[in-house]
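2 protein chains.
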Amino acid sequence: MGVNPRSGGRRATLREVAAELGVAPSTVSNAYNRPDQLSAALRERVFETARRLGYPGPDPLARGLRRRRAGAVGVLYDTRLSYAFADPAEVLFLQGVSMVTEEEGLGVLLLSGAPGEERDPEVISGAVVDGFILYSMADGDPLVEAALGRRLPIVIVDQPRIGDVQIVGIDDESAARSAAEHVVGLGHRRFGVVTFGLAPGARDGIADLERQAAATYRVSRSRLQGYAAAITDVGVSWADVPVYECAENVPEKGRIATEALLSRDPRPAAILTSSDQLALGVLEAARRSGLSVPRDLSVVGFDDVPEAARATPPLTTVHQPHVEKGLLAGRNLLAQLRNEETTDPTLLPTRLVVRGSTTRPRTHR
Amino acid sequence: MGVNPRSGGRRATLREVAAELGVAPSTVSNAYNRPDQLSAALRERVFETARRLGYPGPDPLARGLRRRRAGAVGVLYDTRLSYAFADPAEVLFLQGVSMVTEEEGLGVLLLSGAPGEERDPEVISGAVVDGFILYSMADGDPLVEAALGRRLPIVIVDQPRIGDVQIVGIDDESAARSAAEHVVGLGHRRFGVVTFGLAPGARDGIADLERQAAATYRVSRSRLQGYAAAITDVGVSWADVPVYECAENVPEKGRIATEALLSRDPRPAAILTSSDQLALGVLEAARRSGLSVPRDLSVVGFDDVPEAARATPPLTTVHQPHVEKGLLAGRNLLAQLRNEETTDPTLLPTRLVVRGSTTRPRTHR
DNA sequence: CTGAAAGCGCTTACAG
DNA sequence: CTGAAAGCGCTTACAG
């Protein structure tokens with residue numbers, strides 16, 4: 135217990151080291167930044183004096199201002215960071231990003247623009263970064279505007295293109311469509327859909343056609359469209375398919391959604407989701423209500439996170455290369471920082487992975 | 135394909151906006167920072183001019199230098215960030231940290247000091263942060279020195295105390311000991327241990343007593359000591375217990391370690407690990423070699439990450455409150471930043487969670 | 001309500 | 001090899 139002991143004394147500055155030693159500030163600066171500009175002996179004396187005075191080396195803020203670079207890239211989410219960390223897909227993405235920043239000696243500054251009362255554009259305007267990666271923000275989000283306004287290099291992930299900004303993503307609609315076609319092909323006709331948020335300030339509950347049409351998260355919108363296309367194709371009216379929206383992309387919410395869907399008449403025999411996180415919750419709901427997956431209920435995830443293969447039963451899902459998405463986003467941003475050529479748009483491949491959570495409907499003959 | 139279009143034109147500065155409008159720079163600054171210092175009308179004109187000139191608002195680097203604050207806290211790992219992200223325990227910790235930084239409008243700057251050729255202290259000296267959280271760094275790591283040298287508020291997690299620095303952690307030794315006592319109590323006498331790295335530049339393979347003694351990661355050292363204490367207590371010589379060190383804390387390495395341990399004579403009937411990540415790999419190795427857990431092999435994890443409960447069979451492990459650890463570290467750092475009182479040391483409670491991966495040895499009578 | 005002045009801590013040509 | 005000068009872009013008392 136006690137007041138922090140380190141916050142006390144002023145730190146010494148470069149100027150003070152120079153004064154103490156009787157040399158010019160530039161000489162001290164050179165000792166740190168350009169060893170070839172002074173004798174080894176003098177350099178050692180500089181360091182020695184710095185040590186004695188408690189000078190911690192050039193202040194990064196001052197150096198950054200002078201050199202016009204922050205040494206970090208910002209990754210912006212519009213959810214709370216704790217939700218982002220809870221989703222393995224996002225963590226894998228971050229892994230990819232960090233592989234490239236690490237190599238470059240850049241830090242990764244995690245920024246949260248969680249929608250809510252105190253959504254402060256300061257998050258963006260105050261971020262000490264050299265560029266931004268925007269991760270699945272909603273169309274028209276003011277924080278995206280703010281980021282664009284900073285006039286720094288930007289890479290946008292899982293969002294529609296804005297002007298000439300670089301983008302990285304997958305073809306969500308056709309990936310979702312292929313997943314739905316798989317289930318349709320098995321003979322299913324009674325569907326339920328569990329989607330993550332459709333727009334900032336997402337709510338929990340059935341989303342009618344109007345709300346679906348108003349979806350501003352591009353990923354949510356595209357996946358629903360893909361599902362709708364495959365289902366409509368086979369003569370089922372999309373208006374009859376209940377779509378349950380979950381405010382957060384966590385298994386718990388998927389479970390609650392499924393409990394609601396299963397209590398409907400007719401009871402869905404196949405549930406399509408927009409993430410494995412949600413699908414894991416669907417599995418849990420089935421377990422709790424004594425339904426066997428896939429015999430009584432087919433379940434389809436999206437993402438193919440490692441947990442999907444380990445689930446009981448293993449999840450049929452859409453695989454997408456999360457780490458690579460992060461790598462590409464990172465590399466693209468880096469290229470921009472260096473004024474190099476960049477490749478864009480980058481649409482990564484996906485594929486349907488059929489595992490044990492889907493089969494033909496029970497009453498199918 | 136093309137050169138980044140955003141990197142072109144110079145950004146306007148506050149000074150230019152002021153000049154364009156014919157007011158003093160301080161007035162423009164006030165428009166952004168102290169709305170009460172000028173009329174609403176003038177303020178609007180300032181913003182309008184800023185928009186017209188493409189002025190993105192005060193530069194965070196310059197503002198930070200002037201105000202003497204960076205607006206971010208640094209979290210330092212000595213592994214590659216991608217390994218950190220791979221371990222749910224570390225992600226949960228980060229979740230906790232980010233909950234408090236988020237509330238404060240601070241960013242989280244992830245810093246990697248992965249041991250290796252080009253281990254650059256610049257990672258520390260160049261980090262634009264207001265304080266550091268050091269996560270399980272090795273004793274005597276030069277980066278720790280460097281961080282201390284910055285003379286910023288610091289919280290150290292899962293490390294021994296250094297001087298008067300604030301610390302957060304658990305009692306690793308007694309937690310490990312209780313886990314080993316559980317297995318010993320079941321009647322086990324033939325053990326194997328799978329540990330994560332003992333020192334920077336960790337290697338894969340059996341670690342003899344000498345190497346164990348030289349361990350500089352406090353967590354690794356303490357957990358081994360706890361295991362040793364319980365095992366020695368029951369008359370088994372610790373020198374006879376093979377300890378396999380894994381360079382990375384990933385299931386894959388745990389599997390490889392276990393394959394090596396299982397090929398030894400006598401074959402271990404119980405394997406103690408220093409993490410669930412590693413224990414998950416032990417399970418996989420057992421599966422591959424046709425051994426049934428727990429019938430043929432008892433397995434103990436450490437951490438109680440969510441995956442532990444979901445594993446087949448569910449892992450017996452030591453629970454520790456990862457999110458709370460992050461919360462406490464974050465809160466302590468924040469308190470220091472505000473020059474408030476801090477509580478230290480903070481040792482969080484742990485508890486042994488007995489699940490399905492441990493039972494009495496097969497030949498026990 | 002507005003502006004002139006000083007300065008946050010450093011780096012970078014440039015001249016010697 | 002060393003140093004004087006200018007300036008990175010801003011904010012903060014302070015005087016009016």
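Chains as they are written, first to last, in the working numbering: chain A, 135 to 499; chain B, 135 to 499.
Glycine residues also receive a C-beta, built at the ideal position from the N, C-alpha and C atoms.
Since A:Thr235 contacts A:Val225 with CB under 8 Å, what's their CB separation in whole angstroms?
Along the first sequence, one-based indexing puts residue 235 of chain A at 101. Along the first sequence, one-based indexing puts residue 225 of chain A at 91. Not really, about 15 Å apart at Cβ, beyond 8 Å.
Please say whether A:Ala280 and A:Ile258 have beta carbons closer to each other than 8 Å?
In the first sequence, the residue the question calls residue 258 of chain A occupies position 124. In the first sequence, the residue the question calls residue 280 of chain A occupies position 146. Yes. Within cutoff.
Secondary structure at B:Gly198, three-state DSSP: helix, strand or coil?
Position 64 of the second sequence, counted from the start, is the residue given in the question as residue 198 of chain B. Helix, per DSSP.
Who are the Cβ neighbours of B:Glu418 in its own chain at under 7 Å, not counting the five residues just before and after it?
Position 284 of the second sequence, counting from 1, holds the residue named residue 418 of chain B. Hits under 7 Å: Pro385 and Arg389.
Closer than 8 Å by C-beta to B:Glu150: which residues in its own chain qualify, once you throw out the five before and the five after it? Chain order, please.
Taking the first residue of the second sequence as 1, we reach residue 150 of chain B at position 16. Excluding sequence neighbours, B:Glu150 sits near Leu187 and Tyr189.
Nearest-angstrom Cβ-Cβ length linking A:Val433 and A:Val427, presumed shorter than 8 Å
Counting from one through the first sequence, the residue named residue 433 of chain A turns up at place 299. Counting from one through the first sequence, the residue named residue 427 of chain A turns up at place 293. Right, their Cβ atoms sit about 6 Å apart.
Chain-ordered chain B contacts of A:Pro334 [CB-CB under 8 Å]:
Counting from 1 along the first sequence, the entry for residue 334 of chain A is found at position 200. None at all; the shortest Cβ gap to chain B is about 16 Å.
Is any beta-carbon of chain A found at less than 8 Å from that of B:Arg485?
Stepping through the second sequence from its first residue, residue 485 of chain B is reached at position 351. False, the Cβ-Cβ gap to chain A never drops below 8 Å.
Three-state secondary structure assigned by DSSP to B:Arg168:
Locating residue 168 of chain B in the second sequence gives position 34, where the first residue counts as 1. Correct three-state label for B:Arg168: coil.
Against chain B, does A:Val234 count as a neighbour if the rule is that its beta carbon must be under 8 Å from one of theirs?
As a first step, residue 234 of chain A is located in the first sequence; it is residue number 100 there, counting from the start. Answer no: the Cβ-Cβ gap between A:Val234 and chain B never drops below 8 Å.
Candidates A:Arg324, A:Tyr166, A:Ala363 and A:Val370, of which the one nearest A:Asp430 by Cα:
Stepping through the first sequence from its first residue, residue 430 of chain A is reached at position 296. That would be A:Arg324, whose Cα lies nearest to the Cα of A:Asp430.
Compute the distance between the beta-carbons of B:Leu425 and B:Gly435, then report whether it is under 8 Å.
Walking along the second sequence from the start, residue 425 of chain B turns up at place 291. Walking along the second sequence from the start, residue 435 of chain B turns up at place 301. No; because the gap between Cβ atoms is not below 8 Å, this pair is not in contact.
Under 7 Å Cβ to Cβ from B:Tyr166, same chain only, skipping five residues before and after it: list those, please.
Position 32 of the second sequence, counted from the first residue, corresponds to residue 166 of chain B. Excluding positions up to five away in sequence, the list reads Gly191 and Pro192.
Residue ranges of each alpha helix (DSSP H) within the stretch 430-467 of chain B, 4 or longer:
440-444
Does any residue of chain B have a CB that is nearer than 8 Å to the CB of A:Gln229?
Here residue 229 of chain A is taken as the residue at index 95 of the first sequence, counted from 1. By this cut-off, A:Gln229 is an interface position.
At a CB-CB cut-off below 9 Å, which residues of chain A make contact with B:Ser426?
The residue labelled residue 426 of chain B in the question sits at position 292 within the second sequence. Near B:Ser426 there are no residues of chain A at all, since even the closest Cβ is about 18 Å away, more than 9 Å.
Strand pairing of A:Gln300, partner residues [DSSP]:
Looking up residue 300 of chain A in the first sequence gives position 166. Answer is A:Val289.
Residues sharing a beta bridge with A:Tyr269, DSSP:
Within the first sequence, numbered from 1, the residue matching residue 269 of chain A stands at position 135. DSSP output for A:Tyr269 lists A:Val291 as bridge partner(s).
What are the boundary residues of the beta strand (DSSP E) that includes B:Val234?
Position 100 of the second sequence holds residue 234 of chain B. First-last for B:Val234: Pro222 to Glu238, but that is the alpha helix (DSSP H), not the beta strand (DSSP E).
Once the 5 residues before and after A:Leu471 are set aside, which same chain residues still bring their CB inside 7 Å of it?
Within the first sequence, residue 471 of chain A is the residue found at index 337, counting from 1. Answer for A:Leu471: Asp264, Gly265 and Pro287, listed in chain order.
Output needed for B:Ala309: all residues of its chain with C-beta closer than 6 Å, excluding positions within five of it in sequence on either side, in chain order.
Start at 1 with the first residue of the second sequence, and residue 309 of chain B comes out as number 175. Correct list, in chain order: Val452 and Thr484.
Strictly below 9 Å CB to CB, what residues from chain A border B:Leu243?
Counted from its first residue, the second sequence places residue 243 of chain B at position 109. Ordered by position in chain A, the residues that pass the 9 Å Cβ test against B:Leu243 are Ala206, Gly241, Val242, Leu243, Leu244 and Val262.
Helix, strand or coil for A:Val368, going by three-state DSSP, please let me know.
The residue you call residue 368 of chain A lines up with position 234 of the first sequence. Residue state, collapsed to three classes: coil.
Ranges of the alpha helix (DSSP H) found wholly within the stretch 297-352 of chain B, counting only runs of at least 4:
306-319 and 343-347
State buried or exposed for A:Arg177, treating a residue as buried only when at least 16 other CB atoms are found within 10 Å of its CB.
On the first sequence, position 43 is the one that residue 177 of chain A refers to. The residue in question, A:Arg177, is buried, as its Cβ has 16 or more Cβ neighbours within 10 Å.
Cβ of B:Ser371 within 7 Å of any heavy atom in the ligand NAP?
Summarising the ligand content, the structure contains no ligands, and the ligand NAP is consequently not present.
Would you say A:Val452 reaches chain B, if we count a Cβ-Cβ gap shorter than 8 Å as a contact?
Translated into positions along the first sequence, residue 452 of chain A becomes position 318. Chain B, which has no Cβ nearer than 8 Å to the Cβ of A:Val452, makes this no.
Report buried or exposed for B:Glu344, applying the criterion of at least 16 other Cβ atoms within 10 angstroms of its Cβ.
On the second sequence, residue 344 of chain B is found 210 positions in, with the first residue counted as 1. Exposed: under 16 other Cβ atoms inside 10 Å.
Please confirm whether B:Arg422 has its beta-carbon closer than 8 Å to some beta-carbon of chain A.
Within the second sequence, the letter at position 288 stands for residue 422 of chain B. Not an interface residue.
Neighbouring residues, chain A, relative to B:Leu482 (Cβ below 9 Å)
Start at 1 with the first residue of the second sequence, and residue 482 of chain B comes out as number 348. What B:Leu482 touches in chain A: nothing, since even the nearest Cβ is about 17 Å away.
For B:Ile267 and B:Gly460, I'd like the C-alpha separation in whole angstroms.
Walking along the second sequence from the start, residue 267 of chain B turns up at place 133. Walking along the second sequence from the start, residue 460 of chain B turns up at place 326. Distance between the alpha carbons of B:Ile267 and B:Gly460: 10 Å.
Strictly below 9 Å CB to CB, what residues from chain B border A:Ala443?
Walking along the first sequence from the start, residue 443 of chain A turns up at place 309. Going along chain B, no residue has its Cβ under 9 Å from A:Ala443, so there is no contact; the nearest lies around 12 Å.
How long is the line joining the alpha carbons of A:Ala373 and A:Ala413, rounded to whole angstroms?
Numbered from 1 along the first sequence, position 239 holds the residue referred to as residue 373 of chain A. Numbered from 1 along the first sequence, position 279 holds the residue referred to as residue 413 of chain A. The straight-line gap from Cα to Cα measures roughly 22 Å.
Helix, strand or coil for B:Ser509, going by three-state DSSP, please let me know.
Past the boundaries of the shown model lies residue 509 of chain B; chain B is included only from 135 to 499, so the question cannot be answered.
So the candidates are B:Ser173, B:Arg168 and B:Ala184; which of them puts its Cα closest to the Cα of B:Ala152?
The count along the second sequence starts at 1 and reaches residue 152 of chain B at position 18. Cα-wise, what sits closest to B:Ala152 is B:Ala184.
Within-8 Å CB hit, B:Pro447 to chain A
For the purposes of this step, residue 447 of chain B is taken as residue 313 along the second sequence, with counting starting at 1. So, not an interface residue.
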